[in-house]
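Asks: So in our numbering the end of the sequence shown lands on 575, straight run, no missing numbers. This is the structure I have questions about; it appears just below.
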Amino acid sequence: MAQDQFFPSIGQVAEQADAVSDEPSAADADTQEETPLEEVESLCMRCQEQGTTRMLLTSIPYFKEVIVMSFRCEHCGYSNNEIQSAGTIRENGVAYTLKVLHRGDLDRQLIRSEACTIEIPEFQLQLPPMRGQLTTVEGLLRDIVADLSTDQLLRRIQDEVTYSKIQEIIDGLKLVIDDNEDEDEEEGAAPKKTVAEKLKEDPVKKVLTIKLDDPSGNSFLEFSGSMADPKWNLKTYTRSIAQARALGLIPPEEESKEEEGDEEKKGGVDGNNEEIYEFPGICSRCGRELVTRMKKVSIPYFKDTLIMSTNCEACGYRDNEVKSGAAISEKGKKITLKVEDQEDLGRDILKSETSGLTIPEIDLVLQPGTLGGRFTTLEGILEQVYEELSEKVFTTGDSTTIGNEDREKFQEFLQNLKAVTKAERQFTLILDDPLANSYIQNLYAPDPDPNMTIETYERTWQQNEELGLNDMNVESYSGDDPKEAKSAETEK
Numbered sequence: 084m085a086q087d088q089f090f091p092s093i094g095q096v097a098e099q100a101d102a103v104s105d106e107p108s109a110a111d112a113d114t115q116e117e118t119p120l121e122e123v124e125s126l127c128m129r130c131q132e133q134g135t136t137r138m139l140l141t142s143i144p145y146f147k148e149v150i151v152m153s154f155r156c157e158h159c160g161y162s163n164n165e166i167q168s169a170g171t172i173r174e175n176g177v178a179y180t181l182k183v184l185h186r187g188d189l190d191r192q193l194i195r196s197e198a199c200t201i202e203i204p205e206f207q208l209q210l211p212p213m214r215g216q217l218t219t220v221e222g223l224l225r226d227i228v229a230d231l232s233t234d235q236l237l238r239r240i241q242d243e244v245t246y247s248k249i250q251e252i253i254d255g256l257k258l259v260i261d262d263n264e265d266e267d268e269e270e271g272a273a274p275k276k277t278v279a280e281k282l283k284e285d286p287v288k289k290v291l292t293i294k295l296d297d298p299s300g301n302s303f304l305e306f307s308g309s310m311a312d313p314k315w316n317l318k319t320y321t322r323s324i325a326q327a328r329a330l331g332l333i334p335p336e337e338e339s340k341e342e343e344g345d346e347e348k349k350g351g352v353d354g355n356n357e358e359i360y361e362f363p364g365i366c367s368r369c370g371r372e373l374v375t376r377m378k379k380v381s382i383p384y385f386k387d388t389l390i391m392s393t394n395c396e397a398c399g400y401r402d403n404e405v406k407s408g409a410a411i412s413e414k415g416k417k418i419t420l421k422v423e424d425q426e427d428l429g430r431d432i433l434k435s436e437t438s439g440l441t442i443p444e445i446d447l448v449l450q451p452g453t454l455g456g457r458f459t460t461l462e463g464i465l466e467q468v469y470e471e472l473s474e475k476v477f478t479t480g481d482s483t484t485i486g487n488e489d490r491e492k493f494q495e496f497l498q499n500l501k502a503v504t505k506a507e508r509q510f511t512l513i514l515d516d517p518l519a520n521s522y523i524q525n526l527y528a529p530d531p532d533p534n535m536t537i538e539t540y541e542r543t544w545q546q547n548e549e550l551g552l553n554d555m556n557v558e559s560y561s562g563d564d565p566k567e568a569k570s571a572e573t574e575k
């Protein structure tokens, strides 16, 4: 009960705020100490007078606890707001991609942590990490326009080339926001449309892409309807040493070098063991020393695979990853399995980092890169997907009605996901791997499995480009014709 009072939802806070009178009363003074809202006097950076910062601890459904901070200066009217995480840093970083194609996409909610980088490729625009923010896509674009418009008159006089480039970005973003259409609606030229109608009927005048890259994992970009949203994409990834150091999760570089020197004296790789190799490293969660173990495993009727396991004895952090130990496949592979009962959930499954996972019956779509490489059972990977989504994702719109609808849809999605995790209903599992490094156990091996189909296909040019294969020369390193090299080798 105390937890709920300490972290009320944003909807409850809004309802309570509407009911509060602007005039203070004696009752308000008596209950002030019981409310989670804190007020602190702060220096206004615009007029150098004293303003007020209000801080509120609250929770966002299906996401996490956050601190909402709002500053206002009564002297000059300047106001500002930001959001900070009140929870722990996630185990993995996240990368979101959204294609803004329709007016309704501008209403999607967006959480930007202080470690998040935002990129808009169409304008070659990149926003470095800055203060946390809870807004919508439209709100983000308006903030960018406002920031870029500052000092434009001065740039026009001092540096006309820079002024022209910045003005081109401002005009392009205004074209996406399309304020003129909003003015027409206010004048009564056309009735205001719902978000659903905007999604279907009102394309934006300029299509753009928004990318969020957050190594802390504390940012979020709302999807529409379900994770099968074709305009929305989520990938998780393991933080690099540099990213972990920037987040303060590991010691500074000077201290790390000293620790590496100590490890070299201890021996480093375990060369006495011919099967399991051990590599010293640093835990991305607590920054202490740990050991990563690697072993080569041969999977029957498949190929050699490298399994890497990381275990931190200090904080208990564990992670495992799977890499292919064979050559790059010439074709991609698509595996389709009809899951009928509990026995199917016990099948071994190898999902590589380049494989996507889809369950059409419940609109579950995991893009390549999500969850990384995993070697587990079918039940194990579905439980991991459930845990990740139930902890991280929230779906709320700008209005109360839209928020309730999205919450109900997502609750239904989680219930369906839980049902397939327990095999309470039949479903279809699809692994699509352009590098053919994924595998599902055949219970009838070496005979064909009646519930599983395996298709091979030619990779598209775009898939080869994303995998970095178009510029890779795997046949002739000298640049000669492969056929001529083979005939010359035969003659020898």
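Even glycine gets a Cβ: it sits at the ideal position worked out from N, Cα and C.
Please classify glutamate 152 as buried or exposed, where buried requires at least 16 neighbouring CB atoms within 10 angstroms.
Replies: It is worth fixing the name first, because residue 152 is methionine in this sequence and not glutamate. When all chains shown are included, methionine 152 counts as buried.
Asks: Between threonine 319 and asparagine 175, which are expected to be in contact by the criterion C-beta below 8 angstroms, what is the C-beta distance as a whole number of angstroms?
Replies: Right, the Cβ-Cβ distance comes to about 4 angstroms (below 8 angstroms), so this counts as a contact.
Asks: Where in the segment 412-476 do unbroken runs of the beta strand (DSSP E), each at least 3 residues long, occur, reported from the N-terminal end onward?
Replies: Segments of the beta strand (DSSP E) lying fully in the segment 412-476: 415-422, 431-434, 439-442, 447-449, 457-460.
Asks: Give the DSSP-derived three-state secondary structure of serine 482 in the structure shown.
Replies: Residue confidence for serine 482 is low, a pLDDT of 36 falling below 50, so the modelled location carries little weight; the figure read from the coordinates is stated next. In the structure shown, serine 482 sits in coil (DSSP, three-state: anything other than H, G, I, E or B).
Asks: Would you kindly report the start and end of the unbroken beta strand (DSSP E) that includes alanine 178?
Replies: Per DSSP, alanine 178 belongs to the beta strand (DSSP E) from 176-185.
Asks: Measuring alpha carbon to alpha carbon, tell me which residue in Ile513, Val374, Ile333 is nearest lysine 421.
Replies: When each option's Cα is compared against that of lysine 421, the closest is Ile513.
Asks: Straight-line CA distance for valine 448 to leucine 461?
Replies: For valine 448 and leucine 461, the distance between alpha carbons rounds to 15 angstroms.
Asks: Check for me: the beta strand (DSSP E) holding asparagine 394 runs from which residue to which?
Replies: Unbroken beta strand (DSSP E) run through asparagine 394: 387-394.
Asks: Where does leucine 120 sit, in a helix, a strand or coil, going by DSSP?
Replies: Here leucine 120 sits in coil by DSSP.
Asks: In its own chain, which residues sit with a C-beta less than 6 angstroms from the C-beta of threonine 539, not counting the 5 before and 5 after it?
Replies: Result list for threonine 539: Lys414, Lys416, in chain order.
Asks: Given glutamine 450, which residues of its chain have a CB within under 7 angstroms of its CB, disregarding the five upstream and five downstream residues?
Replies: Asn316, Leu317, Lys318, Gly439, listed in sequence order.
Asks: Taking only the alpha-carbon atoms, compute the straight-line gap between threonine 136 and serine 125 and give it to the nearest angstrom.
Replies: When rounded, the distance between both Cα atoms is 6 angstroms.
Asks: Output yes or no for whether 8 angstroms exceeds the beta carbon distance between valine 220 and leucine 193.
Replies: Yes, the pair counts as a contact, with Cβ atoms nearer than the cut-off.
Asks: Would you kindly check if the distance between the Cβ of phenylalanine 458 and the Cβ of leucine 433 is under 8 angstroms?
Replies: Contact: yes.
Asks: Of the choices Asp431, Ser367, Pro529, Gly399, whose alpha-carbon is the least far from that of alanine 329?
Replies: Looking at the Cα atoms, Ser367 is the closest of the given residues.
Asks: On the DSSP letters alone, give me the boundaries of the beta strand (DSSP E) that lysine 294 sits inside.
Replies: Counting along the chain, the beta strand (DSSP E) containing lysine 294 begins and ends at 286-297.
Asks: Could you tell me the alpha carbon to alpha carbon distance between glycine 134 and glutamate 122, rounded to whole angstroms?
Replies: Each residue's alpha carbon lies about 10 angstroms from the other.
Asks: Of the choices Arg129, Asp297, Glu157, Thr218, whose alpha-carbon is the least far from that of tyrosine 179?
Replies: Of the candidates Arg129, Asp297, Glu157, Thr218, the one whose C-alpha sits nearest the C-alpha of tyrosine 179 is Asp297.
Asks: Please classify serine 216: does DSSP put it in a helix, a strand, or coil?
Replies: It should be noted that the sequence gives glutamine, not serine, for residue 216. Strand.
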